[in-house]
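Numbering (my numbering), first residue to last: 140 to 231.
In this text, a Cβ means the ideal position worked out from N, Cα and C, and glycines have one as well.
Note that the coordinates shown come from a computational prediction; the quantities given were computed from them, not determined experimentally.
Below you'll find the structure, written out as structure tokens, and then a few comments.
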Amino acid sequence: MIYLRVQTNRAKLKEVLALFQRGVIEGERLIAPRPLPKTSFKYYIGFACVNDGSENEKILTAIKNHKRIDKSVFEAEVKDIDYFWESAYESV
């Protein structure tokens, strides 16, 4: 598994969330803090857990501002997010 942090604008993040959900496979997850109603962020970040070489890895690494992070950093950041957007694998 590869853990990534991406930074972009709101429109691109929403696009990436939709693309990510279409190609998500078991174990992959993208979560992004969401602003409270009637507020906005200067920039938007997302934290992802993807399989090495997957289509979703290619989508995320195409974003200019991305970097790899450790699993512990990913888990700590995700744990602190209360209000978020998420794309993750859901078994049916």
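Same chain, Cβ closer than 6 Å to residue i, neighbours up to 5 away in sequence not counted
i	result
E225	I170
E194	G162
I202	V145 and T147
Y142	C188, I208, K210 and F213
Residue span of the beta strand (DSSP E) that contains residue i, given as start and end
i	result
F186	Y183 to V189
E225	F223 to A227
CB-CB length for residue i against residue j, believed under 8 Å
i	j	result
Y228	E154	Incorrect: roughly 19 Å between the Cβ atoms, too far for contact.
F186	F213	6 Å
Residues of its chain near residue i, where Cβ-Cβ distance is below 7 Å and the 5 sequence neighbours each way are ignored
i	result
P198	Note that residue 198 corresponds to Ile in the displayed sequence, not to Pro. Contacts found: V155, L158 and F159.
E216	F186
I184	R144, V145, Q146, A171 and P172
Bounding residues of the alpha helix (DSSP H) (the contiguous stretch that carries residue i)
i	result
L199	E194 to T200
K203	Per DSSP, K203 belongs to no alpha helix (DSSP H) and is neither H nor E.
E214	K210 to K218
Sequence-distant residues of the same chain with beta carbon closer than 8 Å to residue i, five excluded per side
i	result
L175	Y222
Whole runs of the alpha helix (DSSP H) within the segment 140-186, excluding any shorter than 4 residues: 149-161
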